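Protein sequences appear in the order of chains A and B. For what it's worth, our numbering labels the leading residue of the first sequence as 1044, then goes sequentially. For what it's worth, our numbering labels the leading residue of the second sequence as 1044, then goes sequentially. One structure is given below, encoded as structure tokens.
2 protein chains.
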Amino acid sequence: MFKKILYPTDFSDASKKALGYVKQLREAGAKEVIVLHVIDDRKIPGFIGPDEGAPVSGMQVEKMITMMEEDAEKETRATEAELKKSGFDVRVRIEKGIPFRDILRIEEEEEVSVIVVGSHGKGVVKEMLLGSVSEKVIRKSKKPVLVIKG
Amino acid sequence: MFKKILYPTDFSDASKKALGYVKQLREAGAKEVIVLHVIDDRKIPGFIGPDEGAPVSGMQVEKMITMMEEDAEKETRATEAELKKSGFDVRVRIEKGIPFRDILRIEEEEEVSVIVVGSHGKGVVKEMLLGSVSEKVIRKSKKPVLVIKG
């Protein structure tokens, strides 16, 4: 029932809290964890368009993407090490796209048993921007979802 | 983390599926389960008002409530027996009210560790009427929620 866990993380406190629950599920038969981070395409300046703020050169955009990728790499590797220490088989996936869509796509691709996801309990605007990722995942996922409040 | 589980049930297939996950959490340290059924006040004809359909006498309403209570009693006791067999301490609570509100009230009252709830994957209208119970619980709960799709 909990054999293969999909753990999407945006490295927030809510995601980190959710990691504790992932570990606890080891005792309930969880064996494998897919650690997923989706770099949100929409946060990359080129996608917003040149009208917003100072014009962004292609080179600046490239540099920003590289930084986001390096951050993601570092954070997910730390999580991987932590989960391996708890006895899990771990795989890391870093994707670029729209978080809730990629989470749902990988849920299907990987045929996971359960999704464990943190949810931001922030203000209304942040909630609309961020909290909605977990809401959309819960609404559309075919598999059980364990939601941890931040 | 999973010590005390609140398991709200409306006796649907989704709720029954969720029960399997409750049992599985035994291995992850779950010890106690509160089995909760909320008799939905709004389904009792007197609450809809005398304009809808044939007039309902006070005696008919009384009879209907008694039937709902007897059903709830029977179903929850069966669940209680099943969970006890799995080694849980179990308490049954039957309430009358608005399901999501009572679920959230009892979550606080009982200081549970996690809520395990089934979610109906039905058509749009049913979704609005029924599925929204789990959505509201997820949105407003302070504790982790494990959502099982029907």
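For every residue, glycine included, the Cβ atom is placed at its ideal position computed from N, Cα and C. The model shown is predicted, which means the values in this text are computed figures rather than measured ones.
Within chain C, the residues that residue i reaches when beta carbons sit closer than 7 Å
{"i": "L1068(A)", "result": "Judged by its chain identifiers, the structure shown contains no chain C, and its protein chains are A and B."}
Residue i beta carbon near the ligand HEM (any heavy atom closer than 7 Å)
{"i": "R1134(B)", "result": "Inclusion of the ligand HEM in the displayed structure is not the case, the ligand content being empty and no account of it being possible."}
Anticipated Cβ contact below 8 Å, residue i with residue j, distance rounded
{"i": "I1149(B)", "j": "V1180(B)", "result": "Their Cβ separation, rounded to whole angstroms, is 11 Å, which puts I1149(B) and V1180(B) out of contact at 8 Å."}
{"i": "L1189(B)", "j": "L1126(A)", "result": "No, L1189(B) and L1126(A) are not in contact; Cβ-Cβ is about 20 Å, not under 8 Å."}
{"i": "K1139(A)", "j": "D1084(A)", "result": "6 Å"}
Check whether residue i and residue j have beta carbons under 8 Å apart
{"i": "L1049(B)", "j": "V1176(B)", "result": "no"}
{"i": "I1010(B)", "j": "I1141(B)", "result": "This structure gives no information on residue 1010(B), because the portion of chain B shown stretches from 1044 to 1193."}
{"i": "I1082(A)", "j": "R1136(A)", "result": "no"}
{"i": "K1074(B)", "j": "F1131(B)", "result": "yes"}
Cα-Cα separation, residue i to residue j
{"i": "H1080(B)", "j": "D1145(B)", "result": "9 Å"}
{"i": "K1186(A)", "j": "M1111(A)", "result": "29 Å"}
{"i": "E1118(B)", "j": "R1069(B)", "result": "21 Å"}
{"i": "A1057(A)", "j": "E1152(B)", "result": "24 Å"}
{"i": "A1115(B)", "j": "K1106(B)", "result": "14 Å"}
{"i": "I1191(A)", "j": "I1191(B)", "result": "15 Å"}
Nonlocal neighbours in the same chain, by C-beta distance under 7 Å from residue i, ignoring five residues either side
{"i": "G1072(A)", "result": "M1044, F1045 and K1046"}
{"i": "S1055(A)", "result": "G1161, H1163 and G1193"}
{"i": "E1113(B)", "result": "none"}
{"i": "S1184(A)", "result": "L1147, E1150 and I1158"}
{"i": "F1143(B)", "result": "V1176, K1179 and V1180"}
{"i": "S1129(B)", "result": "K1066 and R1069"}
{"i": "E1123(A)", "result": "V1078, V1133 and V1135"}
6 Å Cβ shell around residue i - same chain, five flanking residues per side excluded
{"i": "P1051(B)", "result": "L1079, I1146 and V1160"}
{"i": "G1063(A)", "result": "none"}
Residue i classed as buried or exposed, judged by whether at least 16 other C-beta atoms fall within 10 angstroms
{"i": "K1066(B)", "result": "buried"}
{"i": "R1182(B)", "result": "buried"}
{"i": "A1121(B)", "result": "exposed"}
{"i": "A1061(B)", "result": "buried"}
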